[in-house]
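Here's the structure, in structure tokens; my notes come after.
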Ligand code: CAA
Ligand code: NAD
């Protein structure tokens with residue numbers, strides 16, 4: 038009996054630990070390109086899906102630049118090994134504009150598209166009946182509810198949040214977000230995958246902003262409000278938080294770095310859901326910049342100008 042128990046336990050462990058090898062990353066922007074790079078760097082086969090070929094070309098260029106930086110750092114003394122690392126990594130990445138086509142043999146679909154619930158719903162609905170039963174779906178959302186995103190699928194037991202941080206090749210954290218329906222097998226596979234891609238994973242519940250953004254986004258918004266009141270200039274706010282609080286970037290430059298469109302989507306979404314919370318109030322200067330398509334570093338201008 039004891040022997041059978043052991044066998045059963047080993048068997049269920051082997052199911053729980055089914056390794057994720059083939060990954061589809063949907064969205065090749067700031068986050069998707071970094072996630073795809075890190076997964077490929079660590080030996081996974083990755084397909085990036087975007088809405089058109091021009092964006093895929095941009096994604097490819099940004100991955101090439103970033104992977105060169107990693108190679109330069111890791112293989113400082115051995116540039117030839119660095120070249121091999123770059124070419125092997127790039128050879129594991131392919132791209133497509135047809136999502137249903139590429140999910141056929143994948144273990145994990147990781148969504149990193151625009152922060153909009155109905156667009157994310159459309160995406161997961163389009164592949165739920167096409168993807169194999171084994172495939173885990175995950176969202177990299179910054180602020181939306183994983184449960185609400187998963188609600189349109191018939192695989193809530195194989196659904197979770199995988200929240201990465203920007204820049205993905207550098208930031209070591211991965212938040213693994215469980216919804217009540219996420220199975221132990223799914224959760225364990227994702228925790229093992231986090232380790233396989235070299236990240237430190239923490240587990241959190243499906244609450245607004247999980248851990249990091251629940252603390253960080255109100256900080257960014259407070260900094261913008263401080264600036265709007267004229268209490269200090271953007272540059273002085275940034276210097277203050279770098280030199281006075283030891284942050285690697287000041288909050289105004291971090292908002293530009295995250296993307297003002299994304300930061301604004303987060304605040305507006307939370308404000309609609311929790312109008313009584315003053316920490317989530319939208320900021321007029323942020324909304325104005327977004328309406329002018331000034332999204333921060335990625336568009337060349339935000340609170341600061343990056344075109345020079
Ligand atoms: N790809 C690869 N490597 C990169 C990189 C990239 N995109 N960006 C930076 N690096 C590497 C550089 O090569 C460099 O390596 P070495 O130190 O070995 O030379 C190292 O990172 C530091 O880069 P820099 O010297 O260019 O600049 P820095 O020292 O100012 O660091 C930074 C840049 C890592 C971005 C740092 O400023 C930082 O940590 N900023 C805060 C970032 C942060 O808070 N991110 C979380 C945002 S919130 C989020 O992502 C969640 C959300 O949902 C909104
Ligand atoms: P981004 O604007 O840089 O990239 C989004 C990409 O998704 C664009 O290239 C767009 O063409 C593509 N896209 C949109 N709809 C698509 C579809 N139906 N199919 C395929 N591709 C599609 O945005 P980002 O900063 O990479 O953010 C992506 C997601 O990650 C968002 O949910 C965001 O909240 C989250 N996130 C962002 C950060 C950050 O610091 N920017 C950090 C963690 C999580």
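In my numbering, the protein residues as written are 38 to 345.
All residues carry an ideal CB built from backbone N, CA and C; glycine is no exception.
None of these values were measured; they are calculated from a predicted model.
- Short check: CB of residue 157 to CB of residue 186, under 8 Å? yes
- Item | Whole-Å CB distance - residue 261 paired with residue 292, under 8 Å assumed | 7 Å
- Task: Counting only runs of 3+ residues fully inside the segment 156–224, write out the beta strand (DSSP E) ranges in chain order.
- Result: 173–176, 196–200, 210–215
- Item | Given residue 264 as reference, the closest of 302, 323, 228, 311 once Cα atoms are compared | 323
- Item | Straight-line Cα distance separating residue 219 from residue 52 | Any reading at residue 52 must be qualified, since the residue scores a pLDDT of 45, below 50, and its modelled position is unreliable; no value is offered.
- Within 10 angstroms of the Cβ of residue 213, are there 16 or more other Cβ atoms? Answer buried if so, exposed if not. buried
- Query: Is it the case that the Cβ atoms of residue 254 and residue 304 are separated by a distance below 8 Å?
  - Reply: yes
- Query: Should residue 82 be listed as close to the ligand NAD, given that the test is whether its C-beta is under 7 Å from any heavy atom?
  - Reply: no
- Message: Report the CB separation of residue 226 from residue 57 in whole angstroms; it is logged as a contact under 8 Å.
- Response: 6 Å
- Item | First through last residue of the alpha helix (DSSP H) which encompasses residue 76 | 67–78
- Item | Endpoints, the beta strand (DSSP E) within which residue 148 is located | 145–148
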